[in-house]
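Before any comments, here is the structure.
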């Protein structure tokens, strides 16, 4: 520990000496050089040069100048804290830290003291107010640790993360008395308040803890408080059982997956990458970016991988319009490129179209101008969940065409045998989604929320987020007896997770299998899905085999929520044309209008949709005549029109102890009313046969008159190990977990 | 007549002589040179050169080569006619004429005789079949004149329009015997069949007649049958009471508006511009493009003007995805540029992104490569309807930002005091639509049809097109006693039209007023709308004053159909949360689920929406407490899920002899969940006052605390003529029909 501290001091002094050699006249400050958090004095030299030239970096700079000048022309407002989220004082204090940060950046880039003075003036107003502030009047003690500027300390930590950087950038310009006042009345008390003042948050291995440790640790670097840095890294007791490093070890899986899902992963990323850069600049010997086999880089990359056509897969509580253009991921991609030099990240940076005014941002801007971008490769991956990566997984399967961000025609399956993901998790074990030609087709509702729209429940999560969006029936997975997984109980859900039994990718496509026996007492759910690339087929097919076994007869519902218009079904539907009623009373069913139902005979039951992307999609289900098809629309029991009125088809089996739902989801055709042609509006699939032989699943598909045999070996035999079997009097040899064979004999 | 013929022969011979001087060894053909319809031999010389160089024209050529080569590699199929629209023989014969046309173009461009031989072979197969063909077995004698290749003669005329051009381009390559066979067995009999064989269509002043006259006239030019040309131009009796020139005189208004609306205008355009080019090339003295003050050019330009963000305003039976990229308008814009040299058309051509392989197409390609495009100017226009331009009008009002095709942030109001527009017209006198930030906000359902989707009623107009889409309640205009305008009777509707009372545009915006007393017996409907540009307001506002007076008490419904999510209303809504029923029994009402209703107190009733474009919209209605607000969703009595489930709010007054609906539609704010900000989610409008003084309408609006007075003078005083009036103790001077004043005294 002392060695580390010695090194830190050593490096700090060395850098300061270098800085002074470069011509500065700072008063001696043994605690720290300035700036040296995310932006370093070395960065600043290059950045000052870049803003005088043309290019993306200079443009971003000019944009910031005009934005900040506009805001600086208004009087400084540092209101007494009184409002909750969305209210005036809350929003004002948020804007203030952004403005201080931006003005401080401009001070570094332009050396115009007006920027520094503006930041100093605002800091002094905060310093005048802060010491006497009580806990925030809108605090909610049972839910969140309170702040003083804000109702929750999370916002206070965010305030300090930005403000300490602003301070770091203008510190050298401050009069000694002002500096002392800002340090003593504002920065020190706030850092202490956020650490010793709230051990339960500071020592929590949770995203809120990350903001607190980042704020306190960065303040430690700037004020030369090595002890604060140690506490930030290892917890208040410095044992390493909590703190930033523990958060890095626990909050991400070894592959860099954050178990609340990509929407929150993106949000969680920012304090990690901000503090990590500060650590790297102040204590490079820690090799923080190498920590845990480069987990932070993996976390950035995983966030990108968990997107389709620029938007994150909207699992759990997610606002669906969030994607790779979010500012957190702009910072992440900027860092990833500057650390790795991997030109694939420039592809993403190009799509983001935003340049960050940091040293790393300058590298990105220059590389983009040199046309160095190469295709970023999207992959098929099972992202292990949990700190050990073994608590289930979040699985993405993509076809070859979907491997780079420009390829909006590709197909992607998102399959979720993942852990619950804490309070923002949905009760949707083994759910899936399907994407094709740039669009979400088999859909996830995401969160029921209009972010920041006051008229919609204050912009918070709507009541329907709990009553509908989190419920199992709102997802594309199995509901037993109209109740949600784990009976909708979070504590129970957090204790259990599915088991990933198989995941493999080869030239025939990708396959995944997972099961869970804890979602319902006495019921085992096992789902095998494959994204099949069949030679000669224009689009990959999704094969879905959902096997349910129960200790007693149950009602089994398996929904497919879709975005599009119902075109047809090959069985009779009885529509409720003059009166609609909800499908059920609780657990999300109360929000579904039952629009029609049908009970197809034995054989292949087909439902065809048309999406606005111009493609048709047919869900073909192999039925024995025991499956009812219910056609629903969201919107019942929604007095405030809070829900989107989307459609679903639900397959229902009643009183079953065992049932296997076997289906194929098939994209086909092209609807082009502008050019007046419609191609292949009908499904090409005319038959499915299905059988199991121990761990071997065999599925025969007849497509356009040609038979294909799909073999899936759940024993996970390695590629190259041959398994021989016979099917319909023909011999096959299977090598690996997935194969597609062209059958030379036809259906009998 | 004889002089014209003499000139025609003369020109024809002269051109032929020139052609032979250029080195050809044709047998003497006194009837015509080849080619000389849309593509001339002079065009061909330049085109042959262009395809050897790089550029858009050469790219379009290469694309066509690969497409045609692919199709030519398959055996020629000329099936016996047996199927109706969408069936095999129907689609095959359609593909055949396109293929013959394209192969013939390639023959001209490459002089590769394989293309000519392919066309000749196919023509000979048609020639072998045609003489013995009976009328088509799927003919519907009561509806359409039948063809022989197709169920309706319309398709046969289209076949000949393309095929005569293909023949014209390969004729020089034919063996005399083959040529004689094609002329005698195919071209002559078909031209006679389409003219003398079906006088009722040939002499009809209707789009179907245009295709017939174009086919016959063009065949006349090629075969040297001057008589056929005369009949095509002046009708079978050559009196001029029918024929192509009469069609030009009657089917368009003086401003070039086609009264079925832009969707059908685009479709109707093609035979006009095709035949006109043939006329111009063969009989330039006719000055066909100058005919009726250049009505054909005006028709092309009007079609462009009737679009927003690339899509046509979807009034009447319209497929909503049709727009400026349709092939008909590609030909139209190509012609318009080549005739006028107006570089604004290149702006549109650029958006279309398609190059036509004609002489005119080459000019466009070359001009685009020279970067000659300038902004095409979209305007605010009242397009007079009917042959005299006095049967009402279709009105477009745009704000300044919406004046060019790149400006997707602009606002546009479409207002429809137009005539019925024949069989494809909707019963929607005085309806309106609103567009903003690239999106349709106040919406028109368009046609209920899935074009060419066999599973949806054979791809034809759905039954719901009549039962819903055409009905008045499906539009944004007034419904009396739950019945449609003219009681939904087409013959009656065709006899009447609204009167355009006022249309004006100045720096304060645009204003329009129209009325009709024939939509309902004993009821007068009068609507005044303005798109107001108020200094300091981010967006224009739409003012809507709908005055209804009746000879007896009636129920008055005024719907606003919208695309978006309901955010809030400032009055209590009683929602039907557990059971939905249709709003009515007939005239479209049977398709509307009643989701909620409310009856606001006296004052300003507000309903706020959020569109996917990220903007909020508030409808503020000045009520006396006598208006009910009904919230509906389309989808009742729709057993086949044929309708889109869109929303509306309907203002209802019961038992009224007179009522004025006064409202403002206000775009505001910005919802950006990706960047996590929401601005101005609330309407800025806090009060409306309204009064009339004879022809003067006075409306006071309070926006963000500032009062504005809107004055509309329906007397249509010219700009510059001053009218003095007082309002709230202040004097005003009105010059022109519309003014917006900043009020210095506030609301009392």
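Protein chains in written order, with UniProt numbering: chain C, 1 to 748; chain H, 1 to 748.
Backbone N, C-alpha and C define an ideal beta-carbon position, used for all residues, glycine too.
How big is the Cα-Cα spacing for residue 168 (chain C) and residue 476 (chain C)?
Taking the first chain and counting its residues from 1, one reaches residue 168 (chain C) at position 168. Taking the first chain and counting its residues from 1, one reaches residue 476 (chain C) at position 476. Near 50 angstroms, if we compare the C-alpha coordinates of residue 476 (chain C) and residue 168 (chain C).
Proximity of residue 591 (chain H) and residue 643 (chain H) at Cβ, strictly below 8 angstroms:
Counting from one through the second chain, the residue named residue 591 (chain H) turns up at place 591. Counting from one through the second chain, the residue named residue 643 (chain H) turns up at place 643. Yes; because the gap between Cβ atoms is below 8 angstroms, this pair is in contact.
Starting from the beta carbon of residue 322 (chain H), find every residue of chain C whose beta carbon is closer than 8 angstroms, and list them in chain order.
Locating residue 322 (chain H) in the second chain gives position 322, where the first residue counts as 1. Chain C residues near residue 322 (chain H): 673, 674.
Determine, for residue 554 (chain H), whether the minimum Cβ-Cβ distance to residues of chain C falls below 8 angstroms.
Here the question's residue 554 (chain H) lines up with position 554 in the second chain. Cβ-Cβ to chain C under 8 angstroms: no for residue 554 (chain H).
Within-8 angstroms CB hit, residue 356 (chain H) to chain C
In the second chain, the residue the question calls residue 356 (chain H) occupies position 356. No - not a single Cβ of chain C is within 8 angstroms of the one on residue 356 (chain H).
Answer yes or no: does any C-beta atom of chain C fall closer than 8 angstroms to that of residue 123 (chain H)?
Residue mapping note: residue 123 (chain H) aligns to position 123 of the second chain, counting from 1. Residue 123 (chain H) does not count as touching chain C.
Using beta carbons (cut-off 8 angstroms, strictly below), is residue 636 (chain C) in contact with chain H?
In the first chain, residue 636 (chain C) corresponds to position 636, counting from 1. For residue 636 (chain C), the answer is yes, since a Cβ of chain H falls inside 8 angstroms of its Cβ.
Using a Cβ-Cβ cut-off of less than 9 angstroms, give me the residues of the stretch 436 to 468 of chain H that come near chain C, in sequence order.
449, 450, 451, 452, 453, 454, 455, 456, 459
Interface residues of chain H facing residue 752 (chain C) [CB-CB closer than 8 angstroms]:
Since the first residue shown for chain C is 1 and the last is 748, residue 752 (chain C) is missing from the structure and cannot be characterised.
Any beta-carbon of chain H closer than 8 angstroms to the one on residue 381 (chain C)?
The residue labelled residue 381 (chain C) in the question sits at position 381 within the first chain. For residue 381 (chain C), the answer is no, since every Cβ of chain H falls outside 8 angstroms of its Cβ.
Helix, strand or coil: how does DSSP classify residue 542 (chain H) here?
Mapped onto the second chain, residue 542 (chain H) falls at position 542. Looking at residue 542 (chain H) - three-state DSSP - the assignment turns out to be strand.
Residue 753 (chain H) - DSSP class collapsed to helix/strand/coil
What is shown of chain H runs 1 to 748, which leaves residue 753 (chain H) out entirely.
So residue 749 (chain H) and residue 396 (chain H) are in contact, right, with Cβ under 8 angstroms, and what is the actual spacing, rounded?
No answer is possible for residue 749 (chain H): it lies beyond the span of chain H, which begins at 1 and ends at 748.
Got a sec: is the Cβ-Cβ distance from residue 677 (chain C) to anything in chain H below 8 angstroms?
Translated into positions along the first chain, residue 677 (chain C) becomes position 677. Yes, residue 677 (chain C) counts as interfacial toward chain H.
Could you give the DSSP three-state label for residue 600 (chain H): helix, strand or coil?
Numbered from 1 along the second chain, position 600 holds the residue referred to as residue 600 (chain H). Residue 600 (chain H) falls in the coil class under three-state DSSP.
Chain C within 8 angstroms of residue 666 (chain H), Cβ atoms only
Numbered from 1 along the second chain, position 666 holds the residue referred to as residue 666 (chain H). Residue 666 (chain H) does not count as touching chain C.
Please confirm if residue 763 (chain H) has its CB atom under 8 angstroms from at least one CB of chain C.
Lying before the first or after the last residue shown, residue 763 (chain H) is absent from chain H, which here runs from 1 to 748.
Would you say residue 159 (chain H) reaches chain C, if we count a Cβ-Cβ gap shorter than 8 angstroms as a contact?
As a first step, residue 159 (chain H) is located in the second chain; it is residue number 159 there, counting from the start. Not an interface residue.
Residues of the stretch 593 to 609 of chain H with a CB closer than 9 angstroms to any CB of chain C: list them in chain order, please.
593, 595, 596, 608
Residue 675 (chain C) (DSSP reduced to helix, strand or coil):
The sequence position of residue 675 (chain C) within the first chain is 675, counting from 1. Residue state, collapsed to three classes: coil.
Would residue 579 (chain C) pass as an interface residue toward chain H - the criterion being a Cβ-Cβ separation below 8 angstroms?
For the purposes of this step, residue 579 (chain C) is taken as the residue at position 579 of the first chain. By this cut-off, residue 579 (chain C) is an interface position.
Quick one, which residues of the stretch 615 to 639 of chain C are near chain D if we go by CB-CB under 9 angstroms, in chain order?
The question asks about chain D, but that chain is absent: this structure's protein chains are C and H.
How big is the Cα-Cα spacing for residue 731 (chain C) and residue 739 (chain C)?
Position 731 of the first chain holds residue 731 (chain C). Position 739 of the first chain holds residue 739 (chain C). Going from the Cα of residue 731 (chain C) to the Cα of residue 739 (chain C) covers about 14 angstroms.
Hey, is residue 568 (chain H)'s beta-carbon within less than 8 angstroms of any beta-carbon in chain C?
In the second chain, counting from the first residue as 1, residue 568 (chain H) sits at position 568. So, interface residue.
Please list, in chain order, all residues of the same chain as residue 744 (chain H) whose beta carbon is under 6 angstroms from its beta carbon, the five residues on each side excluded.
For this step, residue 744 (chain H) is matched to residue 744 along the second chain. There are no such residues.
Beta-bridge pairing of residue 435 (chain C) - partner residues as DSSP gives them
As a working note, residue 435 (chain C) is residue 435 in the first chain. Note: residue 435 (chain C) sits in a beta bridge opposite C:412, C:440.
Beta carbon of residue 272 (chain C), beta carbon of residue 343 (chain C): below 8 angstroms?
In the first chain, the residue the question calls residue 272 (chain C) occupies position 272. In the first chain, the residue the question calls residue 343 (chain C) occupies position 343. Taking 8 angstroms as the Cβ cut-off, residue 272 (chain C) and residue 343 (chain C) do not qualify as a contacting pair.
Assuming residue 160 (chain C) contacts residue 215 (chain C) (C-beta within less than 8 angstroms), just tell me the rounded distance between them.
To locate residue 160 (chain C), count along the first chain from 1; it is residue 160. To locate residue 215 (chain C), count along the first chain from 1; it is residue 215. Yes, residue 160 (chain C) and residue 215 (chain C) are in contact; Cβ-Cβ is about 4 angstroms, under 8 angstroms.
Quick one: is the Cβ of residue 60 (chain C) within less than 7 angstroms of any heavy atom of the ligand SAH?
For the structure depicted, the ligand SAH is absent and the ligand set is empty, with no information on it obtainable.
Take the Cβ of residue 239 (chain H) as the centre, count every other Cβ of all protein chains shown within 10 Å, and call the residue buried at 16 or more, exposed below.
Translated into positions along the second chain, residue 239 (chain H) becomes position 239. That one is exposed.
Can you say whether residue 399 (chain H) is buried or exposed, counting buried as having 16 or more other CB atoms within 10 angstroms of its CB?
Reading the second chain from its first residue, position 399 is the one you call residue 399 (chain H). So residue 399 (chain H) ends up on the buried side.
Can you name the residues of chain C whose CB is closer than 9 angstroms to the CB of residue 104 (chain H)?
The count along the second chain starts at 1 and reaches residue 104 (chain H) at position 104. Within chain C, no residue comes near residue 104 (chain H); the closest Cβ sits about 22 angstroms away, beyond 9 angstroms.
Which residue wins for smallest C-alpha separation from residue 190 (chain C), given the options C:212, C:485, C:250, C:585?
On the first chain, residue 190 (chain C) is found 190 positions in, with the first residue counted as 1. Nearest of C:212, C:485, C:250, C:585 to residue 190 (chain C), Cα basis: C:212.
Quick check on the DSSP output: what are the complete beta strand (DSSP E) runs of length 3 or more inside the stretch 488 to 555 of chain H, in order along the chain?
499 to 506, 509 to 520, 523 to 532
Listed from N- to C-terminal order along the chain, which residues in the stretch 296 to 321 of chain H have their beta-carbon within a distance smaller than 7 angstroms of any beta-carbon of chain C?
319, 321
Can you find a C-beta in chain C that's less than 8 angstroms from the C-beta of residue 571 (chain H)?
Against the second chain, residue 571 (chain H) aligns to sequence position 571. Cβ-Cβ to chain C under 8 angstroms: no for residue 571 (chain H).
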